[in-house]
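A.B. asks: In order, the protein sequences belong to chains E and R.
For the record, in the first sequence the residue sitting at position 40 is 40 according to the numbering used here, with numbers rising by one throughout.
Here the numbering used here = 1-based position in the second sequence + 1000.
Don't be surprised by glycine CBs; every beta carbon is placed ideally from N, CA and C.
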Amino acid sequence: MNKATTVWPLSLRIAHWLNAALVIGALGLGAFMVLAVHNAATRFELTQTHKSIGVSVLVLTVLRLCLRSVMRAPKPEPAARSLAMIAKAVHAGLYILLLLLPLSGWLMVTITPVRVPTVVFGLFELPYPLAPDIARFHLAHAAHIVLAVALTALVVLHVAAALVHAWVWRDRTLARMWLRAG
Amino acid sequence: MFDVPQACSGIEAHLGDRFVRPPAFYGMIMDRSTVARRLGVFCLSVFLCCVEAQAATPAQGWRIDEAQTSIGFTIDAVGFPTTHGHFAHYRGRLLIDFDRPAKSYTTFTVDAASVDVGSASFNDFVKSSVLLDVERFPTMSFASTQVEKVDAHTARVTGNLTLLGVTKPITLTVDVATDPAAKGRTVAFVAKGRIQRSDFGMMFGIPLIDDALEITVKTRALSDE
Chain E
1 MNKATTVWPL SLRIAHWLNA ALVIGALGLG AFMVLAVHNA ATRFELTQTH KSIGVSVLVL
61 TVLRLCLRSV MRAPKPEPAA RSLAMIAKAV HAGLYILLLL LPLSGWLMVT ITPVRVPTVV
121 FGLFELPYPL APDIARFHLA HAAHIVLAVA LTALVVLHVA AALVHAWVWR DRTLARMWLR
181 AG
Chain R
1001 MFDVPQACSG IEAHLGDRFV RPPAFYGMIM DRSTVARRLG VFCLSVFLCC VEAQAATPAQ
1061 GWRIDEAQTS IGFTIDAVGF PTTHGHFAHY RGRLLIDFDR PAKSYTTFTV DAASVDVGSA
1121 SFNDFVKSSV LLDVERFPTM SFASTQVEKV DAHTARVTGN LTLLGVTKPI TLTVDVATDP
1181 AAKGRTVAFV AKGRIQRSDF GMMFGIPLID DALEITVKTR ALSDE
């Protein structure tokens, strides 16, 4: 097989690793600020940063999906049919959660009675299209936590699978996503 | 330089009070907003105390211990740590009559934009139109209307609080402590009160952010003698 077609396009590789860094940052920061920060000012500052990272995850995920639809993704490495299906489901789940988690956060900050403007990295203000609604806010908050836990689980699974591909099965699955692939 | 006219008005009012009071009256004046103004007031106070000493009035001159003075508040919220804040700039006056507590009087004017809740962006948010709205309402103030002695160490001060342009009565409980080691030369005050911010039209975040907030004003006065 021609090597060039087995490697992810550079733009998608960059987007993948950038998205990985941002989403792990947002998940880690979100958990840290809620569980470990008991100073109001620090919590406020970290929440603003968390929201900015979340918006960039949403934008980047949409961009990745657009890029993927116009660029050719390499064929998966040969694997058992059941594993290939699980891989496909996990990848789909990752994309869905990468969209839903920031969207649930946006919903939260829009409908909370404590409406604090989201100025993404100090550049532009996120619109808040819905009116505050405390009952729905509690639902959105619960959804945000459930989605965050689910995304964390899928990220762990995704990383574990990548490492199994690289170290146990010794195929090119991880190598072809590596920034210096090919 | 010194904002003398403003500083003088405080002194004059204070002097006016003092002359009609019995000799046992301990007049106190606290005036603060800028270092220059404080210095000006301090110098005037010392000067006036000297004048009074010549007039054989046994009133003491007092000054505020700035290191021991703070105007603070705390407010709780659901799913968010308790917010502690204070105001850095204010002007206050305190006239205390230990023998006739009801004759005591205090006013404070606070620069709303000097609020400090611990970080620059949090400060900016608290100053914004949804909370303190400092552009429309640059100051908040308190003026006592009634002072009652509760016991030897406690007073109850009722007065009008003006916040967001709305004036409503509030009640503060004031602990008064004299330091025996200092032989009556220092008096510490800790005034605490609870207000419902909705009374003043500050509705933001209710009920996730509490309607009630705790105000704590601490100050210590030192005798110059």
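Taking Cβ positions only, does R/Gly-1205 come closer than 7 Å to chain E?
C.D. replies: The beta carbon of R/Gly-1205 falls within 7 Å of a beta carbon belonging to chain E, placing the residue at that interface.
A.B. asks: For chain E, check one thing: does any of its Cβ atoms lie closer than 7 Å to the Cβ of R/Phe-1200?
C.D. replies: Not closer than 7 Å to any Cβ of chain E, the Cβ of R/Phe-1200 fails to qualify, so no.
A.B. asks: How many Å lie between R/Asp-1124 and E/Thr-47 at the Cα?
C.D. replies: Going by the C-alpha atoms only, they are around 15 Å apart.
A.B. asks: In the DSSP assignment, what residue or residues form a beta bridge with E/Val-119?
C.D. replies: E/Glu-125
A.B. asks: Please report the straight-line C-alpha distance between R/Thr-1219 and R/Val-1110, rounded to a whole angstrom.
C.D. replies: 14 Å
A.B. asks: What residue range is occupied by the uninterrupted beta strand (DSSP E) comprising E/Val-146?
C.D. replies: Unbroken run through E/Val-146 is the alpha helix (DSSP H), 134-163; no beta strand (DSSP E).
A.B. asks: For R/Gly-1092, which of R/Asp-1179, R/Thr-1139, R/Phe-1098, R/Asp-1210 has the nearest alpha-carbon?
C.D. replies: Checked all of R/Asp-1179, R/Thr-1139, R/Phe-1098, R/Asp-1210; the closest Cα to R/Gly-1092 is R/Thr-1139.
A.B. asks: To the nearest angstrom, how far is the alpha carbon of E/Ile-96 from that of E/Ala-161?
C.D. replies: Each residue's Cα considered, the two are about 19 Å apart.
A.B. asks: I'd like to know whether the C-beta atoms of E/Thr-152 and E/Leu-65 end up nearer to each other than 7 Å.
C.D. replies: Taking 7 Å as the Cβ cut-off, E/Thr-152 and E/Leu-65 do not qualify as a contacting pair.
A.B. asks: Provide the residue(s) that pair with R/Gly-1085 in DSSP beta bridges, ordered along the chain.
C.D. replies: R/Phe-1073
A.B. asks: Could you tell me whether any Cβ in chain E is nearer than 7 Å to the Cβ of R/Thr-1083?
C.D. replies: Interface residue, yes.
A.B. asks: Would you say E/Val-70 and E/Arg-176 are within 7 Å of each other, going by their C-beta atoms?
C.D. replies: no
A.B. asks: Could you check how far apart the C-beta atoms of E/Gly-93 and E/His-144 are, in whole angstroms? I think they sit under 8 Å.
C.D. replies: Incorrect: roughly 17 Å between the Cβ atoms, too far for contact.
A.B. asks: For E/Ile-86, which three-state DSSP category applies?
C.D. replies: Note: E/Ile-86 maps to helix in three-state DSSP.
A.B. asks: Hey, is E/Phe-44's beta-carbon within less than 7 Å of any beta-carbon in chain R?
C.D. replies: yes
A.B. asks: Quick check on the burial criterion: 16 or more other C-beta atoms within 10 angstroms. Buried or exposed for E/Lys-51?
C.D. replies: buried
A.B. asks: Just to make sure I have the definition right: I need the residues of chain R whose C-beta is within less than 7 Å of the C-beta of E/Ala-131. Which are they?
C.D. replies: Correct list: empty, because the minimum Cβ distance to chain R is about 14 Å.
A.B. asks: Rounded C-beta distance between R/Thr-1107 and R/Phe-1142? I'm assuming under 8 Å.
C.D. replies: 7 Å
A.B. asks: Check whether the Cβ atoms of R/Asp-1116 and R/His-1153 sit closer than 7 Å, and answer yes or no.
C.D. replies: Result no, Cβ atoms of R/Asp-1116 and R/His-1153 do not sit closer than 7 Å.
A.B. asks: Less than 7 Å separating the beta-carbons of R/Gly-1201 and R/Val-1166?
C.D. replies: yes
A.B. asks: Any beta-carbon of chain R closer than 7 Å to the one on E/Val-114?
C.D. replies: It does: the Cβ of E/Val-114 has a partner Cβ on chain R nearer than 7 Å.
A.B. asks: In terms of residue numbering, what span does the beta strand (DSSP E) encompassing R/Val-1150 cover?
C.D. replies: 1139-1151
A.B. asks: Once you ignore the five residues that flank R/Ala-1077 on each side, which residues in its own chain have a CB closer than 8 Å to its CB?
C.D. replies: Thr-1083, Gly-1205, Leu-1208, Ile-1209, Asp-1210
A.B. asks: Do the CB positions of E/Glu-125 and E/Val-116 come within less than 7 Å of each other?
C.D. replies: A distance of 7 Å or more separates the beta carbons of E/Glu-125 and E/Val-116.
A.B. asks: Please list, in chain order, all residues of the same chain as R/Leu-1015 whose beta carbon is under 6 Å from its beta carbon, the five residues on each side excluded.
C.D. replies: For R/Leu-1015, the predicted model reports a pLDDT of 30, less than 50, meaning its position is unreliable; a value from the coordinates is still stated below. Here the set comprises nothing.
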